[in-house]
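Colleague: This is the structure I have questions about; it appears just below.
Number of protein chains: 2
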Amino acid sequence: MTQIDTKSRILNAAEQLFAKEGYHFTSLRTITTTADANLAAVNYHFGSKEGLLKAVIERRLKPLNQRRADRIEKILSTAATEQRRPRTTDLLRAFIEPTLAFRNEGPGAVEFIALIGRAMNEPDETVRNCFIQQVMPLFILLYEGLKKARPELAEEILLTRLHFVLGAMSHVMCAGARPQISIPGIPQPLTDTPQAEEMIRFACAGLEAPC
Amino acid sequence: MTQIDTKSRILNAAEQLFAKEGYHFTSLRTITTTADANLAAVNYHFGSKEGLLKAVIERRLKPLNQRRADRIEKILSTAATEQRRPRTTDLLRAFIEPTLAFRNEGPGAVEFIALIGRAMNEPDETVRNCFIQQVMPLFILLYEGLKKARPELAEEILLTRLHFVLGAMSHVMCAGARPQISIPGIPQPLTDTPQAEEMIRFACAGLEAPC
DNA sequence: GGTCATTTAAAACACTCGTTTTAATTTGTC
DNA sequence: GACAAATTAAAACGAGTGTTTTAAATGACC
């Protein structure tokens, strides 16, 4: 923590704190104290608190989105060369698996995923727009892929169902960073890989439900 | 707006504003101005901002939860007297239908539902706890009912899938209050009754997916 | 080594927030 | 109408926020 420069230290501290406490509950003073930096350094390096948030999100989300997009595009291209429909389950897996697997990529990853999961339903536009802008092309890519996988499904219905999947994902992503409330007689839900597999199964069944 | 007392006017204004802007972005000054009341009236009538939130949520959520619980219990009792399993789709319908139908119950209902939908994933415990406390018994009732409907399913898996359903619901509830972003070539998702029906179909298919 | 741009430090600014205090007013009751 | 309780009004409090300003320190380069 001593070698890296101030900008990175702030970025790391902000990521951790934004994700754990939420964007608006994290003050710049808390961030700079954690990062062992001066208060003004945030505005110097990132322009504003919003700029910092944008940097935090982009740093991690860009590679993740790239990974997901690559997988989806690969599925689509091989399906095209083999002259068949892409499989719903493959597309969903390409979207879901890297996202949930990301939670194991080092410390703070679970919290970052929670930040992203929460971003979609933020009441404040600052966070939501920043997220949507980053992720919308990927959503569209997935949607277009699913349309090829299930062309007989009416488009509004497919889109509606895709929204359900996104909601389920968002919720799971958020929940990962919270201590699960345990109730006597009620088991704990799955986590990690089995959860991802279960979500793929669930989403696939839902998407392929009869019309 | 002139006849009703200050307490109710504050409650109405707070409901509208909390739901639209979010709890933490709504100041007591905005609320009291909207309600045409004095700033101190909030602390006088509700003790604190949190107390006001609690009152706002309880006023609407209690009857809604009662309605959902009644329907679920009725399904369970008739299934018991007919000595058969309750149907997954019936249980889900009892849970989903009143919730989404609630959005048509007068002005501000859509926003209130968004407030509730957001509450589940709120980073701040103030809002989340207030919501969870109200809704947990209903979740357990639904879970126990689904366990009877699908006894062959491992409990952690059932619970995990139920979480997916809740996530999908939460997301839909939030989205209802937002202007939908329209993209050329991408249709709008369903709303209102068809959306509720589609969600029941989706959730049922997901829950009944093979293990 | 001196010069200049980059970076860090410390302090103050301007503003908003929830809450509290004190006083005035309204309302209910005998 | 008078008294007491409930309610409303106005003002200030104290703490916290993001941002800006001004000054000091650091580092690169000729």
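Residue numbers (our numbering), protein chains in the order written: chain C, 15 to 225; chain F, 15 to 225.
A virtual CB, placed ideally from N, CA and C, is assigned to each residue, including glycine.
Here the structure is a predicted model, which is why all the values come from computation and not from measurement.
#1: Report the option in F:Ile127, F:Ala108, F:Arg107 and F:Leu106 whose CA atom is closest to the CA atom of F:Phe116.
#2: Taking C:Lys63 as the reference, give the member of C:Glu166, C:Leu31 and C:Leu180 with the closest Cα.
#3: Take C:Thr16 and list the residues in its own chain whose beta-carbon comes closer than 8 Å to its own, dropping the five residues that flank it on each side.
#4: Of all Cβ atoms in chain F, is any one closer than 8 Å to the Cβ of C:Leu105?
#5: Any beta carbon from chain C within less than 8 Å of F:Pro165's own beta carbon?
#6: Assign F:Gly181 to buried or exposed, taking buried as 16 or more other Cβ atoms, counted over all protein chains shown, within 10 Å of its Cβ.
#7: Work out the CA separation of F:Ala217 and C:Ala223 for me, nearest whole Å.
#8: Per DSSP, what are the beta-bridge partners of C:Ile197 in this structure?
#9: Sort C:Tyr37, C:Leu155, C:Lys34 and C:Ser184 by Cα distance to C:Met134 and report the nearest one.
#10: Check distances from the C-beta atoms of the segment 197-217 of chain C to those of chain F and list, in chain order, the residues that come in under 8 Å.
#11: By a C-beta neighbour count over all protein chains shown, 10 Å radius and 16 as the cutoff for buried, is C:Met187 buried or exposed?
#12: What does the alpha-carbon distance come out to for the pair C:Phe109 and C:Gly199?
#13: With respect to the alpha helix (DSSP H) encompassing C:His185, which residues constitute its N-terminal and C-terminal limits?
#14: Using a Cβ-Cβ cut-off of 8 Å (strictly less than) and excluding sequence neighbours within five positions of F:Gly220, which residues of its own chain qualify?
#15: Classify C:Ala223 as helix, strand or coil using the three-state DSSP reduction.
#16: Is C:Thr232 close to chain F, meaning its C-beta is less than 8 Å from at least one C-beta of that chain?
#17: Is the CB-CB distance between F:Glu170 and C:Leu204 below 8 Å?
#18: Touching or not, the segment 74-88 of chain F and the segment 134-152 of chain F, by the rule of three or more beta carbon pairs under 8 Å?
#19: On a Cα-Cα basis, can you pick out the residue from F:Ala191, F:Leu172 and F:Glu212 that is closest to C:Pro201?
#20: Do C:Leu105 and C:Ile86 count as a contact pair if the criterion is CB distance below 8 Å?
#21: Relative to the C-alpha of C:Ile71, which candidate in C:Asp206, C:Thr207, C:Leu25 and C:Phe39 has its C-alpha closest?
#22: Is the shortest distance between the beta-carbon of C:Glu111 and the beta-carbons of chain F less than 8 Å?
#23: At 7 Å on the CB atoms, spell out the chain F contacts of C:Ala219, in chain order.
#24: Which chain F residues are close to C:Phe60, counting only those with a beta carbon under 8 Å from its beta carbon?
#25: When the distance is taken between beta carbons, is F:Ile214 closer than 8 Å to F:Thr103?
#26: Name the chain C residues that come within less than 7 Å of F:Ala182, Cβ to Cβ?
#27: My output table needs one value for F:Tyr37: the three-state DSSP class, helix, strand or coil.
#28: Please report the distance separating the alpha-carbon of C:Asn118 from that of C:Ile130.
#29: First and last residue of the alpha helix (DSSP H) that includes F:Met150?
Modeller: Let me spell this out:
#1: F:Ile127
#2: C:Leu31
#3: Its pLDDT being 44, under 50, C:Thr16 is placed unreliably by the model, and nothing is read from it.
#4: no
#5: no
#6: buried
#7: 9 Å
#8: C:Ile200
#9: C:Ser184
#10: Ile197, Ile200, Pro201, Gln202, Pro203, Leu204, Gln209, Glu212, Met213, Arg215, Phe216 and Ala217
#11: buried
#12: 33 Å
#13: Glu169 to Ala189
#14: Arg175, Phe178 and Val179
#15: coil
#16: Since the first and last residues shown for chain C are 15 and 225, residue 232 of chain C lies out of range.
#17: yes
#18: yes
#19: F:Leu172
#20: yes
#21: C:Leu25
#22: no
#23: Ala219, Gly220 and Ala223
#24: Neighbours of C:Phe60 on chain F: none; closest Cβ ~21 Å, over 8 Å.
#25: yes
#26: Phe178, Gly181 and Ala182
#27: coil
#28: 15 Å
#29: Glu139 to Ala163
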